[in-house]
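For this note's numbering, add 625 to where a residue sits in the sequence shown, where the first one is 1.
I have placed the structure first, in the form of structure tokens, so that the comments after it can refer back to it.
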Amino acid sequence: LSGVADQCDGAGLKSGNRLEISVGANFGVPTAATAVVLNVTAIDPAATGYLTVYPSGEVPPTASNLNYRAGRVVANLVEVGLGALGDVTLFTSQATDLAVDIEGYVEPGSGQGYHPLSGPVRVCDTRTGNPSNLTAAAAQCDGQTLAAGATLAVTIAGSSFGVPSGATAVVFNLTAVHPSAQGYLTAYADGGARPTASNVNYASGVVVPNRVIVPLGADGAVDVFAFASTDVIVDVSGYYQGTGSQYTPLASPVRICDTRTGNPSALLGPATQCNGNPLGSGSVRTVSVEGFGAPATATAVVLNVTAVAPTQNTFLTVFPGGIPPTASDLNPAEGSTEPNMVVASVGAGGVVDIYNLTGSINVVFDLEGWYQ
626 LSGVADQCDG AGLKSGNRLE ISVGANFGVP TAATAVVLNV TAIDPAATGY
676 LTVYPSGEVP PTASNLNYRA GRVVANLVEV GLGALGDVTL FTSQATDLAV
726 DIEGYVEPGS GQGYHPLSGP VRVCDTRTGN PSNLTAAAAQ CDGQTLAAGA
776 TLAVTIAGSS FGVPSGATAV VFNLTAVHPS AQGYLTAYAD GGARPTASNV
826 NYASGVVVPN RVIVPLGADG AVDVFAFAST DVIVDVSGYY QGTGSQYTPL
876 ASPVRICDTR TGNPSALLGP ATQCNGNPLG SGSVRTVSVE GFGAPATATA
926 VVLNVTAVAP TQNTFLTVFP GGIPPTASDL NPAEGSTEPN MVVASVGAGG
976 VVDIYNLTGS INVVFDLEGW YQ
């Protein structure tokens, strides 16, 4: 890296340290931007801990964006407001190196509105045997496991997924399933040059998701590159096109739900709505997102959802209500603590639902902002 991009060179964070990075008016982000989309990666942490990203100048929130374990490489998407000088601050509870990739920004009046789908839609699953039971256009990736160094084009817009041909960018959950070795995935516009950035970082044999916001190619497709051989799943939750909902970041993320017993987050008032209520096997929990800054007219919310200590390998799906869709947002392993950013469509009454496949699991919801 060179220029402003080398601002973090050699600045590994120690336990309890904060790092302020300049974003606004750099890297193509205009001075009028109010928020940015970052992919933040913790690299070889010294111990189990967490990372919190928030606008510089604000009080550190009771929220987290990334939960990591010693010696691992873990990434998560963050949509965060900018401080008065266009900066964001990263706090780490344990010593770790970090990589920060900018995926986009929010600029009021830019004309690129967000359109949430009625619920997440699975549009690609490369696993052999079609375990997701996909049909028609959604079966486009069936049996196409990515080889090491291979790129897969996934058509999203102009198909039967609710994303029109004129969409400029798409929001989806990208999951690496049982990679053959340690590596990473990079998603980018089909036909474009592959960037020096990563979206999902994985180890051999695991199931790892991460949210992606990426431009679409002229043909309505995105490319997914795999460093090491792996299966991938793509679940789409919305798209950007012309007039639509605009994003409003909270001044600082707010914890609105923690199902763990004993109220370890010291929540008060409406935020205690989930206290002491872990999700059981096959269960659905309704979480109110109103009353924490998000208005009743919000069409979607940006949440950091953290899965805490499941009793079995499972998956979680966040959706606006009704029947749980064929999609996933988190794939936590037994006993782990794993986060993922979710751009969730809001259901009637200002709520979202979360579904747990199997076993018992605790979840934590941190609200980052909303679309309206």
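Glycine included, C-beta positions come from ideal geometry on N, C-alpha and C.
- Taking a 10 Å sphere around the C-beta of Glu645, we find fewer than 16 other C-beta atoms and assign the residue as exposed.
- In this structure, Ser784 places its C-beta atom within 7 Å of the C-beta atom of Ala762.
- Looking at Asn651, Gly674, Asn664 and Ala806, the one whose alpha-carbon comes closest to that of Leu638 is Gly674.
- The DSSP-derived three-state label of Val629 is helix.
- In the three-state scheme derived from DSSP, where H, G and I count as helix and E and B as strand, Gly706 is classed as strand.
- For Thr793, the closest C-alpha among the options Gly867, Gly635 and Tyr679 is that of Gly867.
- 7 Å or more divides the Cβ of Val909 from the Cβ of Leu992.
- No residue range can be given for Pro889, since it is assigned to no beta strand (DSSP E) and is classified by DSSP as neither H nor E.
- If the five residues before and after Thr776 are omitted, its C-beta is found closer than 6 Å to the C-beta atoms of Asp848 and Phe850, all from its own chain and listed in chain order.
- Collapsing the DSSP output to three states places Thr897 in a helix.
- Inter-residue distance for Val654 and Gly734 is about 15 Å (C-alpha atoms, whole angstroms).
- Taking 7 Å as the cut-off, the Cβ atoms of Ala846 and Thr780 count as close.
- In summary, Asp954 is buried, with 16 or more beta-carbon neighbours lying within 10 Å of its beta-carbon over all protein chains present.
- Taking every protein chain shown into account, the CB of Val705 has 16 or more other CB atoms within 10 angstroms, so this residue is buried.
- Judged by DSSP in its simplified three-state form, Ala695 adopts coil rather than helix or strand.
- Annotation for Arg643: the continuous beta strand (DSSP E) segment containing it runs Arg643 to Ser647.
- Cα atoms of Gly682 and Pro745: separation of roughly 35 Å, rounded to the nearest angstrom.
- Contact between Val861 and Val795 holds: CB atoms are separated by about 6 Å, below the 8 Å threshold.
- Annotation for Ala958: no beta strand (DSSP E) segment contains it, and DSSP assigns it neither H nor E.
- Contact between the stretch 884-896 and the stretch 959-969 is not established, with fewer than three Cβ pairs separated by less than 8 Å.
- Residue pairing from DSSP places Phe716 in a beta bridge opposite Arg643 and Thr677.
- Cβ-Cβ distances below 6 Å link Thr983 to Ser906, Gln937 and Thr939 in the same chain, with the five nearest sequence neighbours on each side left out; the list follows chain order.
- One alpha carbon belongs to Gly975, the other to Val912, and they sit about 9 Å apart.
- Counting only runs of 3 or more residues that sit fully inside the stretch 824-908, the beta strand (DSSP E) segments are 825-827, 832-840, 846-851, 856-865 and 872-883, in chain order.
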